[in-house]
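Peer 1: Per mature numbering (1 follows the signal peptide of the UniProt record, and there is no 0), the sequence shown runs over residues -23 to -1, 1 to 72. C-beta: ideal position from N, C-alpha, C; glycine also. Computed from a predicted structure; not experimentally measured. Please read through the structure below; I'll follow up with questions.
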Amino acid sequence: MGRRWAPGICAVALLWLAAAAAGDPDPDELERAFPIVEPDYGHTKLRLSEQGLEAIRRIENPIAIVGVIGPYRSGKSFLLNQLLSLSCDKGFWSW
């Protein structure tokens, strides 16, 4: 993977799998994805997200981590939304 992929790499933890995590987690945090790896300010390197790592440290139950990469408009967001059972459609709706 060359530099052109660095900004496009996205690692996502699916926290809904850890809804029964021990401790006193924020309920909103358990229902959304968060980054584990992010591009640096210049978008030339990847760095670990401290917020993401801290959230993972608080979870004691098994979790699943899903990484999705690919060219733009290839269905990455659609796939992740389907895994989370989210509907984020755009455009015209008709019945």
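Take the Cβ of I46 as the centre, count every other Cβ of all protein chains shown within 10 Å, and call the residue buried at 16 or more, exposed below.
Peer 2: Within the sequence shown, the letter at position 69 stands for residue 46. Exposed: under 16 other Cβ atoms inside 10 Å.
Peer 1: Give the secondary structure of A41 by DSSP, where H, G and I count as helix, E and B as strand, and everything else as coil.
Peer 2: Along the sequence shown, read from residue 1 onward, the residue named residue 41 stands at position 64. Strand.
Peer 1: Looking only at DSSP bridge pairs, what is P56 linked to?
Peer 2: By one-based count along the sequence shown, residue 56 stands at place 79. One detail in the question is off: residue 56 reads as Leu in this sequence, not Pro. DSSP, once it has assigned bridges, lists no residue as partnering L56.
Peer 1: Specify the secondary structure class of R34 as computed by DSSP and reduced to three states.
Peer 2: What you label residue 34 is simply residue 57 of the sequence shown in a count that begins at 1. Helix, per DSSP.
Peer 1: Does the beta-carbon of I42 have 16 or more other beta-carbons within 10 angstroms, so that it is buried, or is it exposed?
Peer 2: In the sequence shown, the residue the question calls residue 42 occupies position 65. It counts as exposed.
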